[in-house]
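Structure first, then comments.
Numbering (this note's numbering), first residue to last: 37 to 216.
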């Protein structure tokens with residue numbers, strides 16, 4: 037059943053790399069808790085105690101707003117294949133926004149994407165695995181290209197205008213730190 041680890045092992049990293057989908061959860065002390073599904077080639081296990089997740093432009097920006105108020109983050113992967121497993125990574129994260137010092141170096145670890153707006157740098161504090169017996173078996177999903185096509189159709193000025201309109205505050209009104 038559930039096992040805990042102080043850091044990611046090589047087996048954990050391999051499991052993470054094989055999953056097409058993960059979930060991120062954050063919350064401020066007040067307001068709504070946010071859980072979002074993520075995919076695409078947007079995550080790197082940088083070290084046993086460090087995970088990098090590049091966040092692409094979307095309709096909201098809850099994670100960035102929550103982390104300004106409370107740096108706690110949980111990432112979760114689950115296997116939809118024959119070997120059942122749920123893996124959670126708990127830690128604290130810092131946000132590196134597009135245009136800030138260090139962003140370009142972190143962004144270079146991922147395939148080019150004009151919609152990249154932040155990289156979240158998660159310091160791993162606890163890793164937990166659990167059985168995953170109730171997670172359904174599903175065919176391996178295919179990656180959607182809708183977001184990539186949407187981002188590619190916008191120049192830098194249009195992307196910044198979108199961020200200014202849609203990504204500057206959370207649904208609870210918390211600032212996200214995203215510059216216009």
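Idealized CB from N, CA, C, for every residue including glycine. Values in this document were obtained by computation on a predicted structure and should not be read as measured data.
Residue 101: member of the alpha helix (DSSP H) spanning 98-105, first to last residue. Only residues of its own chain outside the window of five on either side were considered, and among them 63, 64, 65 have a CB closer than 7 Å to the CB of residue 106, listed in chain order. By the C-beta criterion, the segment 130-146 is judged not to be in contact with the segment 177-187, since fewer than 3 inter-stretch pairs fall below 8 Å. Here the alpha carbons of residue 85 and residue 115 stand approximately 22 Å from one another. Contact between residue 44 and residue 160 is confirmed by a C-beta separation of about 6 Å, below the 8 Å threshold. The beta strand (DSSP E) runs lying completely inside the segment 63-93 and spanning 3 residues or more are 70-74, 79-83, 86-92, given in chain order.
From the listed residues 122, 120, 128, 47, the smallest Cα separation to residue 100 is found for 128. For the options 119, 190, 155, the alpha carbon positioned closest to that of residue 51 is the one of 119.
Rounded to whole angstroms, the gap between the alpha carbons of residue 94 and residue 203 is 8 Å.
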